[in-house]
DNA sequence: ATTATATAGTAGACCGTTCGTTTATTTAAA
DNA sequence: TTTAAATAAACGAACGGTCTACTATATAAT
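Chains as they are written, first to last, in this note's numbering: chain A, 5 to 201; chain B, 5 to 201.
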């Protein structure tokens, strides 16, 4: 009798939802990916919706670890830390052939308009991530390398929402170009220009 | 025996997909919205996929009309025309309680990674729209009101992708704030600052 | 130490409903 | 009458969820 690790279930489920979306990922797909019987799924989760809300929390944890790591490298300026963070994500999407989206971005578009608890879970994650990023933006503003006529939290939201928009386009074009443009346009816009002489 | 207008079917289908997404919109939902029997659906469309590709083309036509109208008002500067265009869209989403997304944005995120013909149809529309918008951006660059260190077509893509990102967030937060931020941050970034004497 | 009970997890059949599609039939137009 | 358009009904597969039976392990009682 096989036993299953809940984290493995969540992670396999996240992969599937990132690739196929929520409604196009059936419970059976997740079961197959985990080699698990259906009864076990309902032992761990109340419903498909409960599953995805738990998956969102797990995703927040996974990405949250990277987030802290990427942004805490003291050898880089604050702007360069932020850029590094997004570059690492761009690399990941490139390695996945531009077919896989961000869990939260997928769910935002697909179900946030219709399933309120999912909408609320995503909102909470975005709020915490934005605040986290904003604290680094604020330091960049204090050091004079990031524009400061716009509030740091707003700039953090600007970056997250814009990146999600770029991810959607990446999937359409099956190309990393929208992500590169994010780095070179969207991100570059928040960099303060050094006025020469 | 009722007869059905294909444009009505497409428009009702578009509404449903914008609200519920592709996989969560069944053929029956569309039939019900049109008061049409199932056999008739397959008389008009080869498959669900064929339907949505036709819906994309129809959507392009609908929005394309507004697009030309919004951007051709000679009494406004080019930048203000572009802003007017997006303001009109922001108003529409507001009137729909922030629950409805953009057809192309929804499909980009939900199926563009998995259904190639849909991905290609969307890509074509975005390409044409971006070129259309870029021609106005270019004029704004020539008049000196829009920044010109970035190619007009890239700026057009920047605006479209960013707006889609903002729409996704709007659905999560059930708020027009992300859209307002798009106008006041994303769009404002392309405006050339008048350097005071 | 042994036995009994509780708990956690597994397994898979079943349920009612829905899915997109196809086939057969009916209706309308030429 | 024939052809084209539209409809109705059936098809096979799949959906999320429920339920019953079973297994393995941990805990409690003797």
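Glycine included, every Cβ here is placed at the ideal spot set by N, Cα and C.
Q) Can you give the Cα-Cα distance for residue 23/A and residue 154/B, rounded to whole angstroms? A) Working through the first chain from its first residue, we reach residue 23/A at position 19. Working through the second chain from its first residue, we reach residue 154/B at position 150. When rounded, the distance between both Cα atoms is 33 angstroms.
Q. For the alpha helix (DSSP H) that residue 112/B lies in, which residues bound it at each end?
A. Position 108 of the second chain holds residue 112/B. Here the alpha helix (DSSP H) through residue 112/B covers 107 to 114.
**Q.** Selected residue, minimal CA-CA separation from residue 141/B, among 21/B, 51/B, 57/B and 84/B
**A.** As a working note, residue 141/B is residue 137 in the second chain. Per the Cα distances, 84/B.
**Q.** Residue environment, residue 201/B, which counts as buried when at least 16 other CB atoms sit within 10 Å
**A.** For the purposes of this step, residue 201/B is identified with residue 197 of the second chain, where counting begins at 1. Any reading at residue 201/B must be qualified, since the residue scores a pLDDT of 38, below 50, and its modelled position is unreliable; no value is offered.
Q: Using the DSSP secondary-structure output, state which residues sit across from residue 195/A in a beta bridge.
A: To locate residue 195/A, count along the first chain from 1; it is residue 191. DSSP lists 150/A as partners of residue 195/A.
(Q) Check for me: the alpha helix (DSSP H) holding residue 98/B runs from which residue to which? (A) Here residue 98/B corresponds to residue number 94 of the second chain, with the count starting at 1. Where residue 98/B is concerned, the enclosing alpha helix (DSSP H) stretches over 82 to 99.
(Q) Is it the case that the region 126 to 135 of chain A contacts the region 151 to 165 of chain A, given that we only count it when at least three CB pairs across the two stretches are under 8 angstroms? (A) yes
**Q.** Within chain A, partners of residue 203/B - CB distance below 8 angstroms
**A.** In this structure chain B extends from 5 to 201, so residue 203/B is not present and cannot be described.
Q) Listing by chain order, which chain B residues have their CB less than 9 angstroms from the CB of residue 130/A? A) For the purposes of this step, residue 130/A is taken as residue 126 along the first chain, with counting starting at 1. The answer, in chain order, is 173, 176 and 177.
Q: Give a yes or no on whether the minimum CB-CB distance between residue 56/A and chain B is below 8 angstroms.
A: Counting from 1 along the first chain, the entry for residue 56/A is found at position 52. By this cut-off, residue 56/A is not an interface position.
Q.
Going by DSSP in three states, residue 28/B sits in which element: helix, strand or coil?
A. Position 24 of the second chain, counted from the first residue, corresponds to residue 28/B. In the three-state DSSP reduction, residue 28/B falls in the coil class, being neither helix nor strand.
Q.
Closest to residue 207/B by C-alpha separation, out of 8/B, 166/B and 68/B, would be which residue?
A. Any property of residue 207/B remains undetermined from this structure, which presents chain B solely from 5 to 201.
(Q) Quick check on residue 40/B: does DSSP put it in helix, strand or coil? (A) Within the second chain, residue 40/B is the residue found at index 36, counting from 1. Residue 40/B sits in coil when the DSSP states are folded into three classes, being neither helix nor strand.
Q.
Residues of chain B with CB closer than 9 angstroms to the CB of residue 23/A, please, in chain order.
A. Residue numbering aside, residue 23/A sits at position 19 when the first chain is read from its first letter. Residues of chain B passing the Cβ test: 117 and 118.
Q) Going along chain B in order, which residues have a C-beta closer than 8 angstroms to the C-beta of residue 182/A? A) Mapped onto the first chain, residue 182/A falls at position 178. Neighbours of residue 182/A on chain B, chain order: 161 and 165.
Q: Taking residue 119/A as the reference, give the member of 56/B, 16/B and 178/B with the closest Cα.
A: Position 115 of the first chain, counting from 1, holds the residue named residue 119/A. Nearest to residue 119/A by C-alpha distance, out of 56/B, 16/B and 178/B, is 178/B.
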